[in-house]
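Novice:
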Amino acid sequence: MVESGGRSLVLRHLIAAGAECKSTKKLFQQTISQGPADVPVATGDPDELYDGFLSILKADNLDAANAAQIAAFPHTNYVHAPIVDSDTSFGPVIKSLQEGNFDKSVKVMAAHNIFEGGFFFDPNEKIDGDFDK
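Residue numbers (the UniProt record's numbering): 1 to 133.
Structural data, given as structure tokens:
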């Protein structure tokens, strides 16, 4: 059972081997995905994107960059997406699904969460400054 970022991960695993997925390579046989959506993916070179991320935040490593990013961005705006590497990620998930390039043997139950992520913050706080208190 997954939600939020986990749902995107499940979709990525379903399309990673395309329609030719071998049963011996499966990570799971079924999933319950809460809000199974995906966001557009970055299509640049992964190393270049990683270095750019670190340089923007003036960080020397991923842990420092993560801490700086969380502190700098709006509190309800933690959005990350997989990088297209043409090995396990081939582009927009919706395209692979439309073309039938996914493991159809995995049982999927999909649901949607209203106000997903609402438990990460106080909905009564209306401006970023209020979150910092």
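From the three backbone atoms N, C-alpha and C, an ideal C-beta is built for every residue, glycine too.
The structure presented is a predicted model; accordingly, all values stated were derived computationally and were not measured.
Let's see if you can read the secondary structure: which residues bound the alpha helix (DSSP H) around K95?
Specialist: On the sequence shown, position 95 is the one that residue 95 refers to. Its alpha helix (DSSP H) spans residues V93 to Q98.
Novice: Quick one: using the 10 Å Cβ neighbour count with 16 as the cut-off for buried, is I127 buried or exposed?
Specialist: Numbered from its first residue, the sequence shown carries residue 127 at position 127. With fewer than 16 other Cβ atoms within 10 Å, it is exposed.
Novice: With a threshold of 6 Å on Cβ separation, who are the neighbours of V108 within its own chain once the five nearest residues in sequence on each side are excluded?
Specialist: Taking the sequence shown and counting its residues from 1, the one referred to as residue 108 is at position 108. Answer for V108: T31, listed in chain order.
Novice: For the beta strand (DSSP E) that V108 lies in, which residues bound it at each end?
Specialist: Here residue 108 refers to the residue found at position 108 when the sequence shown is read from its first residue. V108 -> beta strand (DSSP E) spans K107 to A111.
Novice: Just how far apart, CA to CA, sit residue 137 and L11?
Specialist: Only positions 1 to 133 of the chain appear in this structure, which leaves residue 137 out of reach.
Novice: Note the first and the last residue of the continuous beta strand (DSSP E) segment covering Q30.
Specialist: Reading the sequence shown from its first residue, position 30 is the one you call residue 30. Run containing Q30: Q30 to Q34, per the beta strand (DSSP E) assignment.
Novice: Determine the direct distance from the alpha carbon of I70 to that of L54, and round the result to whole angstroms.
Specialist: The sequence position of residue 54 within the sequence shown is 54, counting from 1. The sequence position of residue 70 within the sequence shown is 70, counting from 1. L54 and I70: Cα-Cα distance of roughly 13 Å.
Novice: In angstroms, rounded to a whole number, what distance separates the CA positions of G129 and D47?
Specialist: Locating residue 129 in the sequence shown gives position 129, where the first residue counts as 1. Locating residue 47 in the sequence shown gives position 47, where the first residue counts as 1. The alpha-carbon atoms of G129 and D47 are separated by roughly 34 Å.
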